[in-house]
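Report on the structure given below.
In the working numbering, the protein residues as written are 1300 to 1821.
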């Protein structure tokens, strides 16, 4: 599949960078004076209008063959609509349509077509397929399109309007958009304004190969795999706009694209794997990017990373709240390249594997909890705060710079906002527990540290290891003991650590002043 994309990687990367977050969004306007109006029933399609050209009817199958505006309504248990290959200037108005297709897509936009699917104001529309619309499971079905709405290679398709559209994908995907190819031309899928509900119990809710723009509207998604996926460029919202409202109630991965941009919108994600993912396993030597410049994201994953980029991860604005399950293999923020925080409000909390982040905090941030080795993958870690606990982050004067409720237990919390001042102290409070931290800026080391990172993680006060420690044993080797045995103290007891650094041989806390800058959560 990706072979179709390779000739376009250089040009498409430029195009994606030019369209990401730029410009204003056009309103959902179209000439709704129909060339023809069609009514679906279980027995056929009837046509009315000024012309009897530009379309073909075969039983319950309608094919659009020329430009114009076509309005469809009615109900049919097994029917379909297709815009013929190479047909441009088509507006398909859904005006109270309930359509199921058994063996193929309910709506197909052919190769190199240009189609606007406009959902009429105040109407409710429903499109669905059956399990037979999946050529993986039904290879004998030559008509399978693997999606309820199929936009083929080289098609430019816009879904818009002020009405409501519900898609139920029993075959494979809800909406599938094709690739840009030499033969068929540029491809893109744009969604704006409409209320769109997608139930995809088999695979992805929305899957695009080239460019996917979700500019506005209200989307509610329940998907077995990805909620919104694009092989290359995925743009959510646009600068200077409210953007879409996206509620992903269930999915494996939430938003995924090789170049993922969130510019505006109100996004809620409940995932079992990564909430946001900048990746594509079919691309090598590609500059994967994830950029958050606006909007509000509230994300939770029960078994993956919060934000995961195979390249750079940049947050310049907006509000980001992300929680990951409190296990050692989940990172709230994870990137193969640099994680840059230069603006916005960021609360990233949950588990931490302890492998660390390459974090550049142009805007100061404060970090609490374990950032050293976090344990075996999948292991549950101790918590700074417990699930459902109310908590605040306060400055030295007791003013709250953030308050919220924990989605899950967390042993790691990163917070950054315009209110955070570098080198200032901030206290995380949850119930009777409190944890001190100091805001940092610039390049921040958050992993592979001695004793678990900063603050309060067993390092020197300035967060650095002892001067005599070079990170390894002499010659970089571990010493071997005779016969592989562990030596014992003369009395058979373990040594008692210095005050405040551990427990004595009898398991009791060592003598000291009884104070600590970290009070464990009950």
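The beta-carbon is built from N, C-alpha and C at its ideal position, and this holds for glycine as well. Because the structure is a prediction, the values reported are computed rather than measured.
*Contact between the segment 1705-1716 and the segment 1658-1670 (3+ Cβ pairs under 8 Å)*: Using a C-beta cut-off of 8 Å, the segment 1705-1716 makes contact with the segment 1658-1670, since at least three inter-stretch Cβ pairs fall below that distance.
_Buried versus exposed call for residue 1356 [16 or more other C-beta atoms within 10 Å across all chains shown]_ = Taking the first residue of the chain shown as 1, we reach residue 1356 at position 57. Burial is judged here by how many other beta carbons sit within 10 angstroms of a residue's own beta carbon; residue 1356 has fewer than 16 and is exposed.
*Who does residue 1375 pair with in a DSSP beta bridge?*
If you number the chain shown from 1, residue 1375 lands on position 76. Paired residues: 1398.
*Is the distance from the Cβ of residue 1559 to the Cβ of residue 1533 below 8 Å?*
Position 260 of the chain shown, counting from 1, holds the residue named residue 1559. Position 234 of the chain shown, counting from 1, holds the residue named residue 1533. Yes, Cβ-Cβ distance for residue 1559 and residue 1533 is below 8 Å.
*CA-CA distance, residue 1780 and residue 1576?*
The sequence position of residue 1780 within the chain shown is 481, counting from 1. The sequence position of residue 1576 within the chain shown is 277, counting from 1. With a pLDDT of only 41 at residue 1780, under the threshold of 50, the placement of this residue in the model should not be trusted, and no figure is reported.
*Identify the residues that DSSP records as bridge partners of residue 1645: which are they?*
Here residue 1645 is taken as the residue at index 346 of the chain shown, counted from 1. Looking at the DSSP output, residue 1645 sits in a beta bridge with 1619, 1715.
*residue 1626 versus residue 1342: straight-line alpha-carbon distance, rounded*: As a first step, residue 1626 must be located in the chain shown, where it is residue number 327. As a first step, residue 1342 must be located in the chain shown, where it is residue number 43. In this structure, the alpha-carbon of residue 1626 lies about 56 Å from that of residue 1342.
_DSSP three-state label for residue 1707, please._
Here residue 1707 is taken as the residue at index 408 of the chain shown, counted from 1. Coil at residue 1707, not helix or strand.
_Using only the alpha-carbon positions, how far apart do residue 1442 and residue 1433 sit?_
The count along the chain shown starts at 1 and reaches residue 1442 at position 143. The count along the chain shown starts at 1 and reaches residue 1433 at position 134. Each residue's Cα considered, the two are about 9 Å apart.
*Sort 1364, 1690, 1371 by Cα distance to residue 1413 and report the nearest one.*
The residue you call residue 1413 lines up with position 114 of the chain shown. Closest option to residue 1413, Cα to Cα, is 1364.
*Under the assumption that residue 1408 contacts residue 1382 (Cβ atoms under 8 Å), give the Cβ distance between them as a whole number of angstroms.*
The residue labelled residue 1408 in the question sits at position 109 within the chain shown. The residue labelled residue 1382 in the question sits at position 83 within the chain shown. Between residue 1408 and residue 1382, the beta carbon gap of about 5 Å places them in contact (Cβ cut-off 8 Å).
_Spatially closest choice to residue 1640 from 1719, 1724, 1700, 1527, by CA coordinates_ = Looking up residue 1640 in the chain shown gives position 341. It is 1719 whose Cα lies nearest to the Cα of residue 1640.
*Indicate whether residue 1431 and residue 1472 have their beta-carbon atoms separated by less than 8 Å.*
Residue mapping note: residue 1431 aligns to position 132 of the chain shown, counting from 1. Residue mapping note: residue 1472 aligns to position 173 of the chain shown, counting from 1. At least 8 Å separates the beta-carbon of residue 1431 from that of residue 1472.
*When you compare each of 1722, 1697, 1685, 1506 to residue 1732 by their alpha carbons, which one comes out closest?*
Here residue 1732 corresponds to residue number 433 of the chain shown, with the count starting at 1. When the alpha-carbon of residue 1732 is set against those of 1722, 1697, 1685, 1506, the nearest one is in 1685.
*Integer Cβ distance of residue 1531 from residue 1564, believed to fall under 8 Å*: By one-based count along the chain shown, residue 1531 stands at place 232. By one-based count along the chain shown, residue 1564 stands at place 265. Between the beta-carbon of residue 1531 and that of residue 1564 there is about 20 Å, and that puts the pair past the 8 Å contact cut.
*What does DSSP give as the partner residues of residue 1418 in its beta bridges?*
Mapped onto the chain shown, residue 1418 falls at position 119. The partner list for residue 1418 (beta bridge, DSSP) reads 1393, 1460.
*Can you pull the DSSP bridge partners for residue 1431?*
Within the chain shown, the letter at position 132 stands for residue 1431. Answer is none; residue 1431 lacks a bridge partner.
*Where does residue 1542 land, buried or exposed, given buried means 16+ other C-beta within 10 angstroms?*
Looking up residue 1542 in the chain shown gives position 243. Counting other Cβ atoms within 10 Å of its Cβ, residue 1542 reaches 16 or more and is therefore classed as buried.
*Ignoring anything shorter than 3 residues or poking outside the segment 1456-1539, list the beta strand (DSSP E) runs there in chain order.*
Complete beta strand (DSSP E) runs here, min 3: 1463-1467, 1472-1476, 1487-1490, 1494-1499, 1505-1507, 1510-1513, 1517-1522, 1527-1535.
*Which one of 1392, 1415, 1375, 1418 has the shortest CA to CA distance from residue 1398?*
On the chain shown, residue 1398 is found 99 positions in, with the first residue counted as 1. Out of 1392, 1415, 1375, 1418, 1375 has the C-alpha closest to the C-alpha of residue 1398.
*residue 1400: which of 1390, 1588, 1444 sits nearest, CA to CA?*
On the chain shown, residue 1400 is found 101 positions in, with the first residue counted as 1. The candidate whose alpha carbon is nearest that of residue 1400 is 1444.
*asked:* Taking only three categories from DSSP, how would you classify residue 1541?
replied: Position 242 of the chain shown, counted from the first residue, corresponds to residue 1541. The answer is coil: DSSP assigns residue 1541 none of H, G, I, E or B.
*Residue closest to residue 1250, alpha-carbon to alpha-carbon, out of 1595, 1578, 1582, 1566*: The question about residue 1250 has no answer here: the residues shown for the chain are numbered 1300 through 1821.
_Please tell me whether residue 1743 and residue 1658 are closer than 8 Å, where the distance is taken between their beta carbons._
Working through the chain shown from its first residue, we reach residue 1743 at position 444. Working through the chain shown from its first residue, we reach residue 1658 at position 359. Taking a C-beta distance under 8 Å as the contact criterion, residue 1743 and residue 1658 qualify as a contact pair.
*Quick one: what does DSSP say residue 1630 is sitting in, helix, strand or coil?*
Locating residue 1630 in the chain shown gives position 331, counting from the first residue. Taken through DSSP and simplified to helix, strand or coil, residue 1630 comes out as coil.
*Alpha carbon to alpha carbon, how far is residue 1674 from residue 1634?*
Taking the chain shown and counting its residues from 1, the one referred to as residue 1674 is at position 375. Taking the chain shown and counting its residues from 1, the one referred to as residue 1634 is at position 335. Residue confidence for residue 1674 is low, a pLDDT of 42 falling below 50, so the modelled location carries little weight; the figure read from the coordinates is stated next. Taking the straight line from one Cα to the other gives about 20 Å.
*asked:* Using DSSP's beta-bridge definition, name the partner residues of residue 1743.
replied: Counted from its first residue, the chain shown places residue 1743 at position 444. Answer is 1658, bridged to residue 1743.
*asked:* With distance defined between alpha-carbon atoms, name the residue in 1350, 1544, 1479, 1344 nearest to residue 1568.
replied: Against the chain shown, residue 1568 aligns to sequence position 269. The shortest C-alpha separation from residue 1568 is found at 1544.
_Start and end residues, beta strand (DSSP E) containing residue 1568_ = Stepping through the chain shown from its first residue, residue 1568 is reached at position 269. Taken as a continuous stretch (DSSP letters only), the beta strand (DSSP E) holding residue 1568 covers 1565-1570.
*Backbone CA spacing between residue 1597 and residue 1454 [nearest angstrom]*: Here residue 1597 refers to the residue found at position 298 when the chain shown is read from its first residue. Here residue 1454 refers to the residue found at position 155 when the chain shown is read from its first residue. Their backbone Cα atoms lie some 33 Å apart in a straight line.
*In its own chain, which residues sit with a C-beta less than 7 Å from the C-beta of residue 1721, not counting the 5 before and 5 after it?*
Here residue 1721 refers to the residue found at position 422 of the chain shown. Excluding positions up to five away in sequence, the list reads 1663, 1738, 1739, 1740.
*What is the rounded straight-line gap between the Cα of residue 1617 and the Cα of residue 1346?*
Along the chain shown, read from residue 1 onward, the residue named residue 1617 stands at position 318. Along the chain shown, read from residue 1 onward, the residue named residue 1346 stands at position 47. Approximately 49 Å, taken between the alpha carbons.
*Which word fits residue 1698, buried or exposed, when buried means at least 16 other C-beta atoms lie within 10 angstroms of its C-beta?*
Taking the first residue of the chain shown as 1, we reach residue 1698 at position 399. Classification of residue 1698: exposed, given that the 10 Å Cβ count is below 16.
*Count the other C-beta atoms from every protein chain shown that fall within 10 angstroms of the C-beta of residue 1419, then say buried if there are 16 or more, exposed otherwise.*
The sequence position of residue 1419 within the chain shown is 120, counting from 1. Residue 1419 is buried by the Cβ-count criterion.
*What is the DSSP secondary structure of residue 1588, reduced to helix, strand or coil?*
As a working mapping, residue 1588 is identified with position 289 in the chain shown. Strand at residue 1588.
*Where DSSP assigns a beta bridge to residue 1558, which residues make up the other side?*
What you label residue 1558 is simply residue 259 of the chain shown in a count that begins at 1. Note: residue 1558 sits in a beta bridge opposite 1532, 1588.
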